[in-house]
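The end of the sequence shown is residue 614 by the UniProt record's numbering, with every number in the run present.
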Amino acid sequence: MSLAELPLGPLERALVDSLRRLDPAAGESVLAAAALCCEALGAGDVCLLLERRAGRRPWPEHAFVLPGLADWRAQLQGSALVGAPGGFAPLILDGERLYLARYHAYETQLAAQLLRRAADVPEVDEAALGESLARLFAFNAGTLPDWQRLAAAQAVRRRLSVISGGPGTGKTTTVVRLLAALLEQPGAAASGASDLAIGLAAPTGKAAARMAEAIRTAKAALPVDEAIKAALPEEARTLHRLLGSRGDTPRVRHDAARPLALDVLVVDEASMVDLALMAKLVDALPPHARLILLGDKDQLAAVEAGAVFAELCEGRGFDAQAVADLRRITGQAVAVEAPRSKLGDAVVLLTHSHRFAGDSGIGELARRINGGDAAGTLSLLRENRADLHWQDQPSPAALLERLDQAYRPYLQATRSGDPAQAFAAFNAFRALTAQREGPWGVTGINEALEARIKRRLSLPERERWYPGRAVMVRQNDYALGLFNGDIGLCLHGEFGLRVHFEGEDGYRAFAPARLPSHDSAFAMTVHKSQGSEFGEVLLALPELPSPLLTCALFYTGITRAKHRVDIWGRPARLLDAVETRAERAAGLARRLAREDVPMETAPATPDQGQLDLF
1 MSLAELPLGP
11 LERALVDSLR
21 RLDPAAGESV
31 LAAAALCCEA
41 LGAGDVCLLL
51 ERRAGRRPWP
61 EHAFVLPGLA
71 DWRAQLQGSA
81 LVGAPGGFAP
91 LILDGERLYL
101 ARYHAYETQL
111 AAQLLRRAAD
121 VPEVDEAALG
131 ESLARLFAFN
141 AGTLPDWQRL
151 AAAQAVRRRL
161 SVISGGPGTG
171 KTTTVVRLLA
181 ALLEQPGAAA
191 SGASDLAIGL
201 AAPTGKAAAR
211 MAEAIRTAKA
221 ALPVDEAIKA
231 ALPEEARTLH
241 RLLGSRGDTP
251 RVRHDAARPL
261 ALDVLVVDEA
271 SMVDLALMAK
281 LVDALPPHAR
291 LILLGDKDQL
301 AAVEAGAVFA
311 ELCEGRGFDA
321 QAVADLRRIT
331 GQAVAVEAPR
341 SKLGDAVVLL
351 THSHRFAGDS
361 GIGELARRIN
371 GGDAAGTLSL
381 LRENRADLHW
391 QDQPSPAALL
401 ERLDQAYRPY
411 LQATRSGDPA
421 QAFAAFNAFR
431 ALTAQREGPW
441 GVTGINEALE
451 ARIKRRLSLP
461 ERERWYPGRA
471 VMVRQNDYAL
481 GLFNGDIGLC
491 LHGEFGLRVH
501 FEGEDGYRAF
511 APARLPSHDS
521 AFAMTVHKSQ
531 GSEFGEVLLA
541 LPELPSPLLT
551 CALFYTGITR
561 AKHRVDIWGR
571 PARLLDAVET
581 RAERAAGLAR
591 RLAREDVPME
601 TAPATPDQGQ
611 LDLF
């Protein structure tokens, strides 16, 4: 069967056609490998693992079969379209991994720069640091070990710090206090603490605004001088805006040649950052700057290719020297655990949740999900804990009735026209789904629920806007200050219907016609809910098996709730979710590992022409 007959998507077809023009003699197994690389990126993988596909039919409905592993590798190595690491070709074969050249450059560049940054240890006044940490983390006195204090110590002592923790483990508290400790260091900046350039950033506008608000709230209670409080930043930007993204081109304004004017950069929700964006970010930081990454390694990875944050957290540990240093500075004793990653003690996990108490059903459920304990998960849900409810025989009609009842207090609150009252009621409950399409997806649920609401309000079926409609912005609009993921509520006011959004200084109202592209938001995907918190969450799982049902999705969905989780899904689907771990094909963790494996050192700034061509 010819490759032309295969069901390739438009991007894959365009890539294959381009490669054919470059090498008319290219074999079909090479062109198929290129198409599969492109498909892999769309699925979140950074590269194609040859051994997973060799000798198989990559498109099951067609008879095309790939060569065996040895033959396929030999054909790739003999092709002018495929280069070795460090070569210039559209495809790069690195061991058993095949990359599009740009993504191989991203990965090798990022690994090399992270290792350089982790090895560059700045000068620190340990006595001053110990005093600062003892005062700033006095509220944790008696907690042994105090991982928040230890994470802060490492962030001040390193140019690279990775802090992972689940909901309620105090990541924001930790970072605002570690920044204060850094500002209290003698000679923190050439002209004093106020000149230390600190940046706050996040992958999305919603996450950036939430981070800035949390920092502003947390710094008010700091036991530090007013000058230190004044030096702490209060504004956060999206990573794309920070780097100066240029529309549809992969290039950004800031890179190694035009670095960011920062001494410290804190990135929140780093688990949502894909490989390409992380590589550009690290490349744009000046060598002396500290990079502090905050996230939850167990949450869903980025929508785009790569699971960078989770890979950075692999192989963490403290060797004997790190343990001795931390004991001397913080008075905290931790166990020696030989790190398997060259980042080693740059990674700290926050384990104590201040949100979920020891008897919390949600907290215990999260632990069992992450532990892969499928039987234990079902057993816990059958205990009828106060904060857990499981509907194990769901139907679309029953789900619609449940959502109608759950959102009635919100719709009642919208009658006042007060955005504060409406947002408080709306954030008390949220419906989350695993997928967009189908009766158990975002589109189906929103359409059915809105139809019911319109009937109750005696509105025409085609009426788009009505008091109480909730929407989510789908694209950034910097002119309006609205970003992908922002939630707006339609309320009736003095000038008719206006859509209100939460802002730093209150609420901002827009005429519906001014909004950028948006969707209804009574139900939203778990992906879109990352970083948000709601009083109660209803998580609806699909009836049929789905590749979207993974441990990370299940964990992320239930931990959006502060007080109660309502799970609607058949036992088989819950078992699917707990037992399925999405492992993205990538090589970053291997490049950072201490094991004796080859690691290519990419130049500090890859050839931009190569990245743009391929």
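We put the CB at the ideal spot given by N, CA and C, even for glycine.
Segment limits, alpha helix (DSSP H) that includes residue i
i: tyrosine 555; result: 551-558
i: cysteine 313; result: 308-313
i: phenylalanine 429; result: That residue, phenylalanine 429, is in no alpha helix (DSSP H); its beta strand (DSSP E) goes 429-433.
i: arginine 158; result: That residue, arginine 158, is in no alpha helix (DSSP H); it is neither H nor E in DSSP.
i: leucine 196; result: Run containing leucine 196: none; DSSP gives neither H nor E here.
i: methionine 278; result: 275-284
i: glutamine 321; result: 320-330
i: serine 18; result: 10-22
i: glycine 363; result: 361-370
i: tryptophan 72; result: 69-77
i: alanine 227; result: 226-231
i: valine 124; result: That residue, valine 124, is in no alpha helix (DSSP H); it is neither H nor E in DSSP.
Limits of the unbroken beta strand (DSSP E) element including residue i
i: glutamate 502; result: 496-503
i: cysteine 38; result: Where cysteine 38 is concerned, there is no enclosing beta strand (DSSP E), although the alpha helix (DSSP H) it sits in stretches over 28-42.
i: alanine 80; result: Looking at the DSSP string, alanine 80 is not in any beta strand (DSSP E), and its letter there is neither H nor E.
i: alanine 509; result: 506-510
Bridge partners - residue i, DSSP secondary structure assignment
i: phenylalanine 534; result: Ala561
i: arginine 237; result: Ala201
i: aspartate 404; result: Paired residues: none, contrary to the question.
i: threonine 525; result: Thr433
i: arginine 97; result: Leu49 and Asp94
i: aspartate 486; result: Paired residue(s): none; aspartate 486 is not in a bridge.
i: methionine 472; result: Ile487 and Asp519
i: arginine 415; result: According to DSSP, arginine 415 bridges with nothing at all.
i: alanine 593; result: Ser341
i: glycine 317; result: The partner list for glycine 317 (beta bridge, DSSP) is empty, contrary to what the question assumes.
Best match in the options for proximity to residue i [C-alpha to C-alpha]
i: alanine 221; options: Arg237, Gly205, Leu196 and Arg135; result: Arg135
i: alanine 301; options: Ala128, Cys551 and Glu234; result: Cys551
i: cysteine 37; options: Leu294, Arg116, Ala305 and Ala152; result: Ala305
i: alanine 84; options: Leu291, His104, Gly68 and Glu463; result: His104
i: leucine 265; options: Asp387, Leu48 and Pro287; result: Pro287
i: leucine 343; options: Leu381, Gly493, Cys313 and Leu459; result: Cys313
i: alanine 101; options: Gly95, Ala89 and Phe137; result: Ala89
i: glycine 376; options: Arg149, Val578 and Arg116; result: Val578
i: threonine 204; options: Leu544, Ala523 and Asp477; result: Asp477
i: lysine 280; options: Tyr106, Leu592 and Leu575; result: Tyr106
i: isoleucine 215; options: Ala197, Pro547, Ala236 and Gly417; result: Ala236
i: leucine 539; options: Val121, Leu482 and Phe429; result: Phe429
i: alanine 208; options: Gly444, Leu482 and Gly488; result: Leu482
i: tryptophan 59; options: Ala256, Leu6, Arg13 and Leu262; result: Leu6
i: aspartate 373; options: Leu574, Pro167 and Asp392; result: Leu574
i: isoleucine 567; options: Phe137, Ala398, Arg514 and Ala261; result: Ala398
Residues near residue i by beta carbon distance below 7 Å, same chain, minus five either side
i: alanine 561; result: Ile362, Phe534, Glu536 and Val537
i: serine 532; result: Arg560
i: tryptophan 465; result: Cys490, Leu497 and Pro512
i: serine 245; result: Val252
i: leucine 277; result: Leu239
i: aspartate 17; result: none
i: proline 259; result: Ala284, Leu285 and Pro286
i: alanine 336; result: A small fix is needed here, since residue 336 is valine in this sequence, not alanine. Only Phe318, Asp319, Ala320 and Val323 meet the Cβ criterion.
i: arginine 73; result: Leu50
Contacts around residue i, its chain only, beta-carbon distance under 8 Å, and the 5 residues preceding and following it disregarded
i: arginine 474; result: Asn484, Pro516, Ser517, His518 and Asp519
i: alanine 151; result: Ser161, Ile163, Thr174, Leu178, Val348 and Leu350
i: asparagine 370; result: Asp298, Cys551 and Tyr555
i: proline 67; result: Ser29, Ala54, Gly55 and Gln75
i: alanine 128; result: Glu184, Gln185 and Pro186
i: alanine 193; result: Here the model assigns alanine 193 a pLDDT of 48, short of 50, so the residue's position is not dependable and the matter cannot be decided.
i: leucine 11; result: Cys38 and Gly42
i: glycine 493; result: Gly417 and Ala509
i: lysine 454; result: Pro460, Glu461, Glu463 and Tyr466
CB contact check: residue i to chain C, cutoff 9 Å
i: leucine 129; result: The structure shown contains no chain C; it is built from a single protein chain.
Residues near residue i in its chain [Cβ-Cβ closer than 6 Å; skip 5 each side]
i: glutamate 126; result: Ile329
i: proline 145; result: Gln332 and Val334
i: tyrosine 507; result: Pro419 and His500
i: serine 191; result: Because the pLDDT of serine 191 is 40, which lies under 50, any placement of that residue in the model is unreliable, and the number read from its coordinates should be weighed accordingly. There are no such residues.
Cβ-Cβ separation, residue j to residue i (assumed contact under 8 Å), whole Å
i: alanine 270; j: leucine 293; result: 4 Å
i: alanine 585; j: leucine 49; result: 5 Å
i: leucine 403; j: phenylalanine 522; result: 7 Å
i: valine 273; j: phenylalanine 309; result: 7 Å
i: leucine 553; j: valine 526; result: 5 Å
i: alanine 572; j: glycine 315; result: Alanine 572 to glycine 315, Cβ: 34 Å. No contact.
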